[in-house]
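Colleague: Protein chains in written order, with this note's numbering: chain A, 3 to 298; chain B, 41 to 271. For reference, the structure I am asking about is given below.
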Amino acid sequence: MSERPSLLWIDWRLSRDPLVRETIGRFLYFCLLGFALLTLLLSGGVSRILADRYAITAVLRAEVPSAEAEGLARKAAALPQVRSATYRDPEAAWKEFLRAYPGLEPLRGAGENPLPGYIEIRIRPDRLTGEDVDLVASALRAVSQVERVLAGEEWLPRLLRAGRLASWACWGIFGAFLAGFFLVGRLQERARAVALATDFAFLAERGVPAGRLAFLRAAGAAISGFLLAAAGTVAGGGALILSLRKFPFLERVIGPPADLLLPGTVASAVLFSIGAALLCAAASLLGWSAARAGRK
Amino acid sequence: MIEGFRLGVFSRGATLWDGLDFAFGDAAAWFVTGPPSSGKTLLLSILRGERRPDAGDVVVSGESLYRGDAALARAWRASCGYIPEQTVADARLTVGDLFRRSALAGGGVRESERKERTDRLLQMVGLQGASGWRIAELSISERGRACLAAELLRGPKVLFCDGLVAGAGVPFWEMLWGLFRALAREGNTVILVERRIPERWALAAGNPEPVGPFRVYRLPGTAAEAKGEPG
């Protein structure tokens, strides 16, 4: 008996039907988790919503010419924290004002536009922090053409803190679902180990070490867990792309589909798959030891 | 050669037996009889390396099973086949599952080869076409024969059978007699434990060696060796 038994897929060989059901269930769950993970990664929790709503306004002095103001906007847009910087001339500012407060046309009685031009600066979602906003605001204040910078510094820290809490809550819910997967997986592994106890005893009686059996079962669970998580994440990503195409307004909350292929997003998805593989292996080992402890 | 030296077992607060010596030579079929509750199943567990005796040692080809290398004991168990008396625990399986599991324990058996050998072995033990049958639906005789066929799939060097002959029933004794002799001729060792030996087998085997509560018979391997062919 020189050849050693191949035990990597022993559960599959001995208990095919229940394992198929479990595998389908896990794949669907990973699709859900993958969808949630990619949504969270792209949206940054609530960062993209906040970044979409928040803008720094640099009010320019009345005498600044348009060409100079546009040059200033381009310089502001080149800052690493800035997503976009758009110059609005006094006329555009007046129209925006009237749209917001209709019926105030008499304020421009003598034909003079009482509003100055301004630059609207939007921050990148991943750079929306108090420090980065301060940096941008300080840079703008140092410019002689800028009369005033409106960055909401009085209420911004509270808003950012609330945003951070909301993001943590989102990730916490995701973590809870992942923990739920682990607990259910452990119970499934335990039930399977109990169901196959006589088969494992059979193999142990024929010289297969229990430790080797447990290790190879865990390795098999890790490999299948990785593949299922990767496939589930890809399927979840596909569902996310379809959702974003069908409901374009979601892009403002979640982000553009192209961001799914950013190296950071792909690396996170791979890390998630590796984490899922480790969880599957741990569930297998814990289920195995619980089944053995229950038998003793 | 499987040897038991001064074997002793203490069970249920008393000495079941002590100081027993056994010697089972290679390439032979051995028949051990003993009365109920004499520790026949226990003896098989000890000889298979599953249960350490409370006294004495088992030596296989000169190596101690219980005082030597653990890997050696595992290799020994891997080379053994075992048909237990009770197969209730496997009731949820089908006959085909027994073969699948046995192939796993053996390793290296290809799927096509396994199926082909399964059909051949089932036919040999009188269970042709039984691959899909559930163990729960089989009689004691059929269970024993199915387990025997599944163990033979791996081609074990040593085969331990617990109550197989009695369980199989009289109509299958001739088949088993021929099978055990064939296995012995091919260099395998067969050790059977039963409450009693079929009369014709006892006649063919000649005088047994008494060891404690047991009687040890060596079944003849060839027709010439046999004093009285059964069947």
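Beta carbons: idealized from backbone N, C-alpha and C, even for Gly. Predicted model, so just to flag it, every value in this text is computed and none were measured.
Whole angstroms is fine: what's the gap from VAL151/A's alpha carbon to LEU281/A's?
Modeller: On the first sequence, residue 151/A is found 149 positions in, with the first residue counted as 1. On the first sequence, residue 281/A is found 279 positions in, with the first residue counted as 1. Cα to Cα, the separation comes out at about 50 Å.
Colleague: Determine the contact status of LEU257/A and LEU44/A, defining contact as a CB-CB distance below 7 Å.
Modeller: The residue labelled residue 257/A in the question sits at position 255 within the first sequence. The residue labelled residue 44/A in the question sits at position 42 within the first sequence. For the sequence presented, residue 257/A should be read as Gly rather than Leu. Yes, they are a contact pair.
Colleague: Helix, strand or coil: which one does DSSP assign to ILE237/B?
Modeller: Along the second sequence, one-based indexing puts residue 237/B at 197. ILE237/B falls in the coil class under three-state DSSP.
Colleague: Would DSSP call VAL210/A helix, strand or coil?
Modeller: By one-based count along the first sequence, residue 210/A stands at place 208. Of the three classes helix, strand and coil, the one that applies to VAL210/A here is coil, per DSSP.
Colleague: With VAL186/A as the anchor, note down where its alpha helix (DSSP H) starts and where it stops.
Modeller: Numbered from its first residue, the first sequence carries residue 186/A at position 184. Its alpha helix (DSSP H) spans residues 158-197.
Colleague: Measure the C-alpha to C-alpha separation of TRP11/A and ARG294/A and round it to an integer number of angstroms.
Modeller: Taking the first residue of the first sequence as 1, we reach residue 11/A at position 9. Taking the first residue of the first sequence as 1, we reach residue 294/A at position 292. Their backbone Cα atoms lie some 20 Å apart in a straight line.
Colleague: According to DSSP, ILE123/A sits in a beta bridge with which residue or residues?
Modeller: Here residue 123/A refers to the residue found at position 121 of the first sequence. Beta-bridge pairing links ILE123/A to ILE58/A and ALA87/A.
Colleague: Give the range of the beta strand (DSSP E) segment to which ARG255/B is assigned.
Modeller: In the second sequence, counting from the first residue as 1, residue 255/B sits at position 215. Here the beta strand (DSSP E) through ARG255/B covers 254-259.
Colleague: Here's the rule I'm using: 16 or more other beta-carbon atoms within 10 Å means buried, otherwise exposed. How should THR55/B be labelled?
Modeller: Mapped onto the second sequence, residue 55/B falls at position 15. Per the 10 Å Cβ criterion, exposed.
Colleague: Say whether chain B places a C-beta atom closer than 7 Å to the C-beta of PHE204/A.
Modeller: The count along the first sequence starts at 1 and reaches residue 204/A at position 202. Chain B, which has a Cβ nearer than 7 Å to the Cβ of PHE204/A, makes this yes.
Colleague: Please indicate yes or no: does the CB of PRO265/A lie closer than 6 Å to some heavy atom of the ligand FAD?
Modeller: Inclusion of the ligand FAD in the displayed structure is not the case, the ligand content being empty and no account of it being possible.
Colleague: Out of curiosity, what's the CA-to-CA distance linking LEU84/B and LEU34/A?
Modeller: Here residue 84/B refers to the residue found at position 44 of the second sequence. Here residue 34/A refers to the residue found at position 32 of the first sequence. The straight-line gap from Cα to Cα measures roughly 54 Å.
Colleague: DSSP state of TRP70/B, grouped into three classes?
Modeller: As a position in the second sequence, residue 70/B is number 30, starting the count at 1. TRP70/B: strand per DSSP, three-state reduction.
Colleague: Can you find a C-beta in chain C that's less than 7 Å from the C-beta of GLY209/A?
Modeller: In the displayed structure, chain C is absent; the protein chains listed are A and B.
Colleague: Does any residue of chain A bring its CB to less than 7 Å from the CB of ARG141/B?
Modeller: Position 101 of the second sequence, counted from the start, is the residue given in the question as residue 141/B. Taking Cβ atoms only, chain A reaches closer than 7 Å to ARG141/B, which makes this a yes.
Colleague: Would you call the CB atoms of ILE231/B and TRP57/B closer than 7 Å?
Modeller: Numbered from 1 along the second sequence, position 191 holds the residue referred to as residue 231/B. Numbered from 1 along the second sequence, position 17 holds the residue referred to as residue 57/B. Taking 7 Å as the Cβ cut-off, ILE231/B and TRP57/B do not qualify as a contacting pair.
Colleague: Give me the chain A residues within the contact set of GLU90/B, using Cβ-Cβ distance strictly less than 8 Å, ordered along the chain.
Modeller: Residue mapping note: residue 90/B aligns to position 50 of the second sequence, counting from 1. Within 8 Å Cβ-Cβ: GLU207.
Colleague: Of all Cβ atoms in chain B, is any one closer than 7 Å to the Cβ of ASP201/A?
Modeller: Within the first sequence, the letter at position 199 stands for residue 201/A. Judged by the 7 Å Cβ criterion, ASP201/A is in contact with chain B.
Colleague: Could you tell me whether the segment 86-104 of chain B touches the segment 47-54 of chain B, where touching means 3 or more Cβ pairs closer than 8 Å?
Modeller: Short answer: they touch.
Colleague: Please name the residue in ASP202/B, ILE175/B, LEU192/B and CYS120/B whose C-alpha comes closest to that of GLU234/B.
Modeller: Locating residue 234/B in the second sequence gives position 194, where the first residue counts as 1. Minimum Cα distance to GLU234/B is reached at ASP202/B.
Colleague: Tell me which residue opens and which closes the alpha helix (DSSP H) that ASP136/A is part of.
Modeller: As a working note, residue 136/A is residue 134 in the first sequence. That run of the alpha helix (DSSP H) goes 132-143.
Colleague: What in chain A is Cβ-close to ASP109/B, meaning under 7 Å?
Modeller: Locating residue 109/B in the second sequence gives position 69, counting from the first residue. Per Cβ cutoff of 7 Å: no residues; ASP109/B is ~13 Å from chain A at best.
Colleague: With a threshold of 16 other CB atoms inside 10 Å of the CB of GLU191/A, please say whether the residue is buried or exposed.
Modeller: Position 189 of the first sequence holds residue 191/A. When all chains shown are included, GLU191/A counts as buried.
Colleague: Find out if the Cβ-Cβ distance for the pair LEU193/B, GLY121/B is shorter than 7 Å.
Modeller: Within the second sequence, residue 193/B is the residue found at index 153, counting from 1. Within the second sequence, residue 121/B is the residue found at index 81, counting from 1. Contact: no.
Colleague: Given a threshold of 16 other Cβ atoms within 10 Å of its Cβ, counted over all protein chains shown, does ALA171/A qualify as buried or as exposed?
Modeller: Position 169 of the first sequence, counted from the first residue, corresponds to residue 171/A. ALA171/A comes out exposed.
Colleague: So what does ALA97/B bridge to, in DSSP terms?
Modeller: As a working mapping, residue 97/B is identified with position 57 in the second sequence. The question names Ala, yet the displayed sequence has Asp at residue 97/B. Beta-bridge pairing links ASP97/B to PHE45/B.
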